[in-house]
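Enquirer:
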Amino acid sequence: VSFIPGGLDCSISFVSHVLGKVCIHGRQKEILGVLVPCLTDLTKSDCIWQRICWRLVECVPDRWMEAVVIGFVQKAPRADILSRLLGNLVVKNKKAQFVVTQKMLLLQYGHTTAVLQNLLGHLSQDSLRRTLLLRVLQELLETWSSSSAVKHSPVEQQLYISKAILICLSHLKESEIESCRQELLTSMMEGVKCHLDSSLPQLRRLGMVVAESISLKINSEGPVLKFEYEEDDTTRELKSLVEQTPSFCVVPSLPDDDRSEEADATLSESDEKSGPAAPLMPDEESDAELDSDDDLIPYDMSEDKELKIKAPVYIRDCIEVLTGSRSEDVDKWEATVKALESLVRKNPAATREVSVELAKILLHLEEKTCIEGFLELRQRAQVAVLTTDPIPVAKYLTSQFYSLNYSLRQRMDILDVLVLAAQELSCPKFHGKTKHSGAQKPCIQLLPGSDSSKGWRRIVDERIKSKTRRFHMGQSHAELASCPNEFYSVAGYFFFPLIQHFDRPLTTFDLLGEDHLVLGRLVHTLAILMYLSVNTVAVTAMGKALLEFVWVLRFHTDSYVRQGILSCISSLLLSVPAEWILAEMTEELLETQSWLGDVMEKDPDGDCRKLALQNLLLMENIKKKLEAVPS
Amino acid sequence: MALPPPDPQFVLRGTSAAVHTLHFSCGGPEPDIPLLFSGSENGFIHVWNLKTHRVDTALDGHGRKSVYCVETMGGKDRLLSQGRDQRICLWDLAEGRTSVMDSVFTEHVGFCRCSLLKVAQGRWLMAMAARSLEEVQILELPSKTSVCTLKPEVGAKLGMPMCLKLWQLSCGSQPVLLAGYEDGSVVLWNVSMGKALSQLICHQEPVMSLDFDSEKAKGISGSSEKVLSIWSLNEQQNLQVYKTHELVNAGISDITIRPDKKILATAGWDHRIRIFGWKKLKPLAVLDYHTATIHCVSFSDHSSPRERLLAAGSKDQRISVWSIYAQT
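Written out as structure tokens, the structure reads:
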């Protein structure tokens, strides 16, 4: 394609038509792959070429405008190049404006971060277009802070919107921030609330990062919002989006750069506290004095070591220390907490005498002093007690799960302890596989993600893989080392009490209502317990109960709960013997199958869809396996 | 091959409460019995007979509130005790009496031990923490007249005075006060003029105890941290840090230098008594007997060097008495 240079009145509309038609047929990449670099070079310094280019895109008919614009935005290497190529197209042409400000940002979410940066950078570079930028930011914030959007839209879309918001923020000038500070603040508060309410840890983290960035922008001098969360690639990427200072941008250097410098300065100042005066008189004097009466012979001081408080050696002593009201003996209390788990494991007989009492104390134990890893220590002690004396302690814990006046954190602790103990009892190999990072620091406390379910999912995935392989290759994978499974005899005590009262709301605890986070955890816990109960006598009864439980909840609005339910079905299919499933539960299975098909196609959450697909595969495998057995 | 540390020569039991303060009175000529005065948390002052190792008398004068300082005033017949009932009592113990002659109401609610200095026959100066937070009051005894009040300047933020030591270079010279404060600094005060001569930050934590050797113009202070700080006084009456010594475990309740200035003893929160050489602060011994934090250490004032003793009172309600480095 070659162009005629010169300031002639040539009509480019024909070229625009060609371009539009090619793009609408899906050949954007090819044609723009040639056209864009060409135009980039030509328009670098030549105004005439720029105007030609603008005319070119303006003349594209509306019905093909979308394809062309999207193609340009995707192909242009940088925002300023995009500006050169498109000019003020988005201001002049209604369709282009719609595409750029609404369709690409709110309706689609598959574009890369670079494309977003191009787009928003382009909007920020001209004063005419900046109004569009502000409008775009407002609409993005509205979506970000709407609770229904947070609940129902897929995680990927929310990530996309968050990125767009952060890039917009990075382009805003001080004066613009001033003018919309109030709106930013309101949206931020609402949005943070919706995000933190969610049961999915990725969404919570998204909310935290965006809220931090917004607060940094609007409150550059005062105290800034700071959350505690684990940094990962996504959060780092998001944060880097805000701090960019595009060199070609009109925007002056961002205030948050200065702020970070200020913060560093104050930090280093506070480190230099006025210490004690440096010794002015060196030790020369000691050499001058003769050791005339230094005939004092030192004694042996090798025993002089750091003082360690000894922890009690007997379990009952531990109980005394932990329940004692003597606040002076905090050293002893600390030592007891640290030593408790090993003491319990070493003295099973003594523990069994006081197991329920110990479980009660541990459930209510609060951090008296600042020990490192207190939550983990307490949890390990609880697991140790539960594994040493499973039946009474499980009875106690499951009854407390549904009692009044416990905090959500305590109820979830109960679930975590039950799961960890079940895993440990089923096989020593599992012990330590799923370590809860329970240690939480101050700042804004949030509940940790369900690490156990992730680890469990890995195990189930492996198991599923092994099952499918088994069908084809006929090998049996001996995954678990052979050892007596202590969980078998007590599985029922763990499982059935938990499933019993879930639909009975208490004054402080309503599983089916507000406390859907705990419901999600409960469902995941039941899935794990079901999985671990493979080959137990009670597994068929468990399966039936679980299927009924699951059936009630299958349309729950919280995607975390739905994921849990699908995991329950996976465990069910894996643990309950196939013959029994097909014999006793044919109708339910068919209904489940159709429901799973529905979930697989229509559920907004990607993880749910994956799990539904896995379940359908499992069901297929079971059927095939049973058919393959010669009758 | 270093010898293992010695065991206590004997242990005094029977206070039934934590021991907070000790004072020997063994300087009298024969047939005077060497005595040890101890103040306990239950408000009693026990007078121990060091020959029989038993309590001769128990004095109850502080309304069962903890006694945290006892001192004799020129012999064993006059005793001064300070308790948590905000009173300083002067006792007359001559001829078997056990009566409180006089008392001073200090209105001090802290734990700062008072310091006595004999300035003339029958006349004493006493430094004590007063009611107001940062002030130290100097009284003359037995007249109980106030000599002066030592107030730090406004905004100094020294905190409470934690420990005091009144001394004078020689009889008749100006009395000076060394005070250790809550913020970790030691201040040298001129008593007659009532103003501070020098201030030195010795510790990051409150100064728990200090002692001073007026001959060498060197002092030592201990705090709740792991460091002992040794400082000196130069001709211009300025305090300077001389040396620091790091300990194994944090926390020192009491420091005392033996009257012959050869060794010093520290009472530790880690239940151990440490002995150092005073000259170069060489660690000499770690005496490990008690099972709870040691509140006080005291050297005896025996006229014969070989009989010298060291006593330590602890929260475990026992007083251990040691004979260590008595030959030198």
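Chains as they are written, first to last, in our numbering: chain A, 1 to 631; chain B, 1001 to 1328.
For every residue, glycine included, the Cβ atom is placed at its ideal position computed from N, Cα and C.
For clarity, every value in this text was computed on a predicted model and none was experimentally measured.
Is there a Cβ of chain A sitting closer than 8 Å to that of Asp1390(B), yes or no?
Expert: Beyond the ends of chain B as shown, which are 1001 and 1328, falls residue 1390(B); an answer cannot be given.
Enquirer: Relative to chain A, which residues along the stretch 1008-1042 of chain B have a C-beta separation below 7 Å, given in chain order?
Expert: So the list is empty, because no residue satisfies the distance condition.
Enquirer: Starting from Ala1129(B), trace the alpha helix (DSSP H) in both directions and tell me its first and last residue.
Expert: In the second sequence, counting from the first residue as 1, residue 1129(B) sits at position 129. Segment Arg1123 to Ala1129 is the beta strand (DSSP E) holding Ala1129(B); no alpha helix (DSSP H) there.
Enquirer: Kindly indicate the opening and closing residues of the alpha helix (DSSP H) around Leu1133(B).
Expert: To locate residue 1133(B), count along the second sequence from 1; it is residue 133. No alpha helix (DSSP H) holds Leu1133(B); DSSP gives it neither H nor E.
Enquirer: Below 8 Å between beta carbons: does that hold for Asp1056(B) and Arg1078(B)?
Expert: By 1-based counting over the second sequence, the position of residue 1056(B) is 56. By 1-based counting over the second sequence, the position of residue 1078(B) is 78. Against a cut-off of 8 Å, the Cβ pair of Arg1078(B) and Asp1056(B) comes out as no contact.
Enquirer: Only counting the same chain, and skipping five residues up and downstream in sequence, which positions put a Cβ closer than 8 Å to that of Pro1008(B)?
Expert: Here the question's residue 1008(B) lines up with position 8 in the second sequence. Answer for Pro1008(B): Leu1287, Tyr1289, Ser1320, Val1321 and Trp1322, listed in chain order.
Enquirer: Less than 7 Å between C-beta atoms, sequence neighbours within five positions excluded: which residues of the same chain meet that for Ser637(A)?
Expert: Any property of residue 637(A) remains undetermined from this structure, which presents chain A solely from 1 to 631.
Enquirer: Can you list, in chain order, the residues of its chain whose CB lies under 7 Å from that of Val68(A), leaving out five sequence neighbours each side?
Expert: On the first sequence, residue 68(A) is found 68 positions in, with the first residue counted as 1. Excluding positions up to five away in sequence, the list reads Leu19, Gly20, Cys23, Val57 and Val60.
Enquirer: From Glu306(A) to Val1248(B), what does the alpha carbon distance come to, in whole angstroms?
Expert: Taking the first residue of the first sequence as position 1, residue 306(A) is located at position 306. Taking the first residue of the second sequence as position 1, residue 1248(B) is located at position 248. Distance between the alpha carbons of Glu306(A) and Val1248(B) is about 6 Å.
Enquirer: Report the neighbours of Tyr406(A) on chain B: residues whose CB is nearer than 9 Å to its CB, in chain order.
Expert: If you number the first sequence from 1, residue 406(A) lands on position 406. Within 9 Å Cβ-Cβ: nothing; Tyr406(A) doesn't reach chain B, min ~39 Å.
Enquirer: Could you check what DSSP says for Cys1148(B) in three-state terms: helix, strand or coil?
Expert: Residue numbering aside, residue 1148(B) sits at position 148 when the second sequence is read from its first letter. In this structure, Cys1148(B) counts as strand in the three-state DSSP scheme.
Enquirer: So, Asp1213(B) versus Pro1259(B), is the Cβ gap smaller than 8 Å?
Expert: Mapped onto the second sequence, residue 1213(B) falls at position 213. Mapped onto the second sequence, residue 1259(B) falls at position 259. In this structure, Pro1259(B) does not lie closer than 8 Å to Asp1213(B) by Cβ.
Enquirer: Please list, in chain order, all residues of the same chain as Ala1130(B) whose beta carbon is under 8 Å from its beta carbon, the five residues on each side excluded.
Expert: Locating residue 1130(B) in the second sequence gives position 130, counting from the first residue. Thr1106, Glu1107, His1108, Val1136, Gln1137 and Thr1149.
Enquirer: Within this structure, are the beta carbons of Leu89(A) and Trp49(A) separated by less than 8 Å?
Expert: By one-based count along the first sequence, residue 89(A) stands at place 89. By one-based count along the first sequence, residue 49(A) stands at place 49. No, these two residues do not count as a Cβ contact at 8 Å.
Enquirer: Within 8 Å (strictly less), CB to CB, does Glu303(A) reach chain B?
Expert: As a first step, residue 303(A) must be located in the first sequence, where it is residue number 303. Answer yes: the Cβ-Cβ gap between Glu303(A) and chain B drops below 8 Å somewhere.
Enquirer: May I ask which residues mark the beginning and end of the alpha helix (DSSP H) holding Asp233(A)?
Expert: Residue 233(A) sits at position 233 when you count from the first residue of the first sequence. Unbroken alpha helix (DSSP H) run through Asp233(A): Asp233 to Val242.
Enquirer: Using a Cβ cut-off of 8 Å (strictly closer), state whether Tyr299(A) contacts chain B.
Expert: Position 299 of the first sequence holds residue 299(A). It does; some Cβ of chain B falls within 8 Å.
Enquirer: For a contact defined as C-beta to C-beta under 9 Å, what are the partners of Leu1284(B) on chain A?
Expert: Locating residue 1284(B) in the second sequence gives position 284, where the first residue counts as 1. Within 9 Å Cβ-Cβ: Leu296, Ile297, Pro298, Tyr299 and Met301.
Enquirer: Closer than 8 Å is the cut-off here; do at least three beta carbon pairs connect the stretch 314-323 of chain A with the stretch 348-363 of chain A?
Expert: yes
Enquirer: Please list, in chain order, the chain B residues whose beta carbon lies closer than 9 Å to that of Glu306(A).
Expert: Position 306 of the first sequence, counted from the start, is the residue given in the question as residue 306(A). Under the 9 Å cutoff, chain B gives Val1248, Asn1249 and Asp1270.
Enquirer: So, under 8 Å CB-CB, Leu322(A) and Trp333(A) are touching, yes? Tell me the CB distance rounded to an integer number of Å.
Expert: Here residue 322(A) refers to the residue found at position 322 of the first sequence. Here residue 333(A) refers to the residue found at position 333 of the first sequence. The Cβ separation is near 7 Å, so the contact holds.
Enquirer: Does the beta-carbon of Glu66(A) have 16 or more other beta-carbons within 10 angstroms, so that it is buried, or is it exposed?
Expert: Locating residue 66(A) in the first sequence gives position 66, counting from the first residue. Counting Cβ neighbours within 10 Å, Glu66(A) comes out buried, since at least 16 surround it.
Enquirer: In this structure, how does DSSP classify Gln1199(B) when only helix, strand and coil are distinguished?
Expert: Residue mapping note: residue 1199(B) aligns to position 199 of the second sequence, counting from 1. Three-state DSSP puts Gln1199(B) in a strand.
Enquirer: Pick from Gly1039(B), Lys1262(B) and His1271(B): whose alpha carbon is nearest that of Val1019(B)?
Expert: As a first step, residue 1019(B) must be located in the second sequence, where it is residue number 19. It is Gly1039(B).
Enquirer: Give the DSSP-derived three-state secondary structure of Trp1322(B) in the structure shown.
Expert: Within the second sequence, residue 1322(B) is the residue found at index 322, counting from 1. In this structure, Trp1322(B) counts as strand in the three-state DSSP scheme.
Enquirer: For Ser571(A), which option in Arg554(A), Met542(A) and Val552(A) has the closest C-alpha, if you only look at C-alpha atoms?
Expert: Position 571 of the first sequence, counting from 1, holds the residue named residue 571(A). Checked all of Arg554(A), Met542(A) and Val552(A); the closest Cα to Ser571(A) is Met542(A).
Enquirer: Is the beta carbon of Asn615(A) less than 8 Å from the beta carbon of Leu573(A)?
Expert: For the purposes of this step, residue 615(A) is taken as the residue at position 615 of the first sequence. For the purposes of this step, residue 573(A) is taken as the residue at position 573 of the first sequence. Yes, Cβ-Cβ distance for Asn615(A) and Leu573(A) is below 8 Å.
Enquirer: Report the residue from Thr1145(B), Asn1049(B), Ser1066(B) and Ala1058(B) whose alpha carbon sits nearest the alpha carbon of Gly1043(B).
Expert: Translated into positions along the second sequence, residue 1043(B) becomes position 43. Measuring from the Cα of Gly1043(B), the nearest candidate turns out to be Ser1066(B).
Enquirer: Restricting to runs no shorter than 4 residues, where is the alpha helix (DSSP H) found entirely within the stretch 1249-1305 of chain B?
Expert: none
Enquirer: Which residues of chain A have a Cβ atom closer than 8 Å to the Cβ of Asp1288(B), listed in chain order?
Expert: Working through the second sequence from its first residue, we reach residue 1288(B) at position 288. Glu303 and Asp304, listed in chain order.
Enquirer: If Ile165(A) and Trp144(A) are in contact, beta carbons under 8 Å, what's the gap, nearest whole angstrom?
Expert: Taking the first residue of the first sequence as 1, we reach residue 165(A) at position 165. Taking the first residue of the first sequence as 1, we reach residue 144(A) at position 144. That belief holds up - the Cβ atoms of Ile165(A) and Trp144(A) are roughly 6 Å apart, short of 8 Å.
Enquirer: Using a C-beta cutoff of 8 Å, does Ala1179(B) count as contacting chain A?
Expert: Start at 1 with the first residue of the second sequence, and residue 1179(B) comes out as number 179. Judged by the 8 Å Cβ criterion, Ala1179(B) is not in contact with chain A.
Enquirer: Closer than 8 Å by beta-carbon distance: list the chain A residues that pair up with Pro1152(B), in chain order.
Expert: Counted from its first residue, the second sequence places residue 1152(B) at position 152. In chain order: nothing, as chain A lies at least about 17 Å away.
Enquirer: Contact criterion: CB-CB distance below 8 Å. Does Ser1003(B) meet it with respect to chain A?
Expert: Indexing the second sequence from 1 puts residue 1003(B) at position 3. Note on identity: in this sequence residue 1003(B) is Leu, with Ser being the wrong assignment. At least one chain A Cβ lies under 8 Å of Leu1003(B).
Enquirer: Say whether chain A places a C-beta atom closer than 8 Å to the C-beta of Ile1263(B).
Expert: Working through the second sequence from its first residue, we reach residue 1263(B) at position 263. Ile1263(B) counts as touching chain A.
Enquirer: Between which two residues does the alpha helix (DSSP H) holding Cys168(A) run?
Expert: Working through the first sequence from its first residue, we reach residue 168(A) at position 168. Val155 to His171 is the span of the alpha helix (DSSP H), which, as asked, contains Cys168(A).
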